[in-house]
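> Here it is, the structure, as structure tokens.
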Amino acid sequence: MIKTITLLSLSIALVAGTPALAGGNAEAGKAKSATCAGCHGPDGNSPAASFPKLAGQYEDYLYQSLKDYKNGKRKNPIMAGLVAGLSDQDMQDLAAFFARQKGLSQKY
815 MIKTITLLSL SIALVAGTPA LAGGNAEAGK AKSATCAGCH GPDGNSPAAS
865 FPKLAGQYED YLYQSLKDYK NGKRKNPIMA GLVAGLSDQD MQDLAAFFAR
915 QKGLSQKY
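According to this note's numbering, the sequence shown is numbered sequentially starting from 815.
As structure tokens, this is what we get:
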């Protein structure tokens, strides 16, 4: 009985401590990422230091960032224009795709 309670408690702790994913489809995100590639690179590893690297970022962070550009919480006129036509599912898919890409280190 104690063993069962201990295992149940550990299982709950693991689930509670795991961040929820945005729920996007990485393959669909790849198909939608052509516009992003112009600044952020085809795999999210931006070739220019002036554009953030998206590859390997947390999926929830990328999704929330896109939502915040769309609703105006984050201010960037270029990004606001680009996300204006994206659906919630589009943003989830893009976040899933870029989160699963391998980030490359950049020399400064």
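All residues carry an ideal CB built from backbone N, CA and C; glycine is no exception.
(1) Would the segment 900-917 and the segment 870-889 be scored as touching if the rule is three or more Cβ pairs under 8 Å?
(2) Classify LYS867 as helix, strand or coil using the three-state DSSP reduction.
(3) Hey, quick one: how far does the alpha helix (DSSP H) through SER879 stretch, first residue to last?
(4) For GLU873, does the count of other Cβ atoms within 10 angstroms reach 16, so buried, or fall short, so exposed?
(5) State buried or exposed for GLY838, treating a residue as buried only when at least 16 other CB atoms are found within 10 Å of its CB.
(6) Ignore the nearest five residues each way along the sequence and tell me which others in VAL897's own chain have a CB closer than 6 Å to its CB.
(7) Return the residue from the list LYS867, ASP902, ALA845, ASP904 that minimises the CA-CA distance to CYS853.
In terms of the structure at hand:
(1) yes
(2) Locating residue 867 in the sequence shown gives position 53, counting from the first residue. Here LYS867 sits in coil by DSSP.
(3) Taking the first residue of the sequence shown as position 1, residue 879 is located at position 65. Counting along the chain, the alpha helix (DSSP H) containing SER879 begins and ends at 873-885.
(4) In the sequence shown, counting from the first residue as 1, residue 873 sits at position 59. Flag for GLU873 reads buried.
(5) In the sequence shown, counting from the first residue as 1, residue 838 sits at position 24. It counts as buried.
(6) Sequence index remark: in the sequence shown, residue 897 carries index 83 (1-based). Answer for VAL897: LEU880, TYR883, LYS884, listed in chain order.
(7) As a first step, residue 853 is located in the sequence shown; it is residue number 39 there, counting from the start. Among LYS867, ASP902, ALA845, ASP904, the Cα nearest to that of CYS853 belongs to LYS867.
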